[in-house]
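Student:
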Amino acid sequence: MNRGRGEGWVILQIVLLAAMVVIPPRIGGLPAWPDALYGLSVVAGLIIGLIGLLFVGLSTLNLGANLTIFPRPKETGTLTQHGLYGLVRHPIYAGVLMGALGWSLLRASLPALALTVILGLFFDRKAAQEEIWLAEKYPDYAEYRRRVRKLIPWLY
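In the working numbering, the protein residues as written are 3 to 158.
Printed below as a string of structure tokens:
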């Protein structure tokens, strides 16, 4: 998946996100969401989901003309280190993950929660490939990478 602009990564991301939307909240044979947590889950899901959408929106604004759906940076692009990119190197991925977690909690869906974990692993691998391309293009990427966490502020 590391040829071209990263089209394969984009296709797989779309498939995973579509699966998150259409997967039933409950699948026979799997444990159900605990009823005692349903109300809290809905509130937490709304809050986390809205924060995720805010992250995605602000990150796209921070990128400006550098924005592309592909993981390979634009030929004419510059390295963005301001805004949310000063907090994490991949804030759009972090925002989509928060949105997916919010959606899973809002729906009280263990299958969607499992897909959120898979999506997190996917974004970690996609970001690793993207960082290879970023390091090839931008000489100061190594210093940025040492200074700023990948997906979770101050942790990872």
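Ideal Cβ positions, reconstructed from N, Cα and C, are used throughout, including at glycine.
Pull up the distance between the alpha-carbon of T62 and that of G41, whole angstroms please.
Tutor: The residue given as residue 62 occupies position 60 in the sequence shown. The residue given as residue 41 occupies position 39 in the sequence shown. Distance between the alpha carbons of T62 and G41 is about 32 Å.
Student: Could you give the DSSP three-state label for R148: helix, strand or coil?
Tutor: Along the sequence shown, read from residue 1 onward, the residue named residue 148 stands at position 146. In the structure shown, the three-state DSSP call for R148 is helix.
Student: Alpha carbon to alpha carbon, what distance is there between L60 and A46?
Tutor: Taking the sequence shown and counting its residues from 1, the one referred to as residue 46 is at position 44. Taking the sequence shown and counting its residues from 1, the one referred to as residue 60 is at position 58. For A46 and L60, the distance between alpha carbons rounds to 21 Å.
Student: With a 10 Å radius around its C-beta and 16 neighbouring C-beta atoms as the bar for buried, classify W105 as buried or exposed.
Tutor: For the purposes of this step, residue 105 is taken as the residue at position 103 of the sequence shown. So W105 ends up on the buried side.
Student: For N68, tell me which candidate among G79, R74 and V58 has the shortest Cα-Cα distance.
Tutor: Position 66 of the sequence shown, counted from the start, is the residue given in the question as residue 68. That would be G79, whose Cα lies nearest to the Cα of N68.
Student: In terms of alpha-carbon separation, which member of Y95, Y158, R28 and V17 lies closest to L115?
Tutor: Here residue 115 refers to the residue found at position 113 of the sequence shown. Among Y95, Y158, R28 and V17, the Cα nearest to that of L115 belongs to R28.
Student: Using only the alpha-carbon positions, how far apart do N64 and G30 sit?
Tutor: Residue 64 sits at position 62 when you count from the first residue of the sequence shown. Residue 30 sits at position 28 when you count from the first residue of the sequence shown. Roughly 43 Å between the two C-alpha positions.
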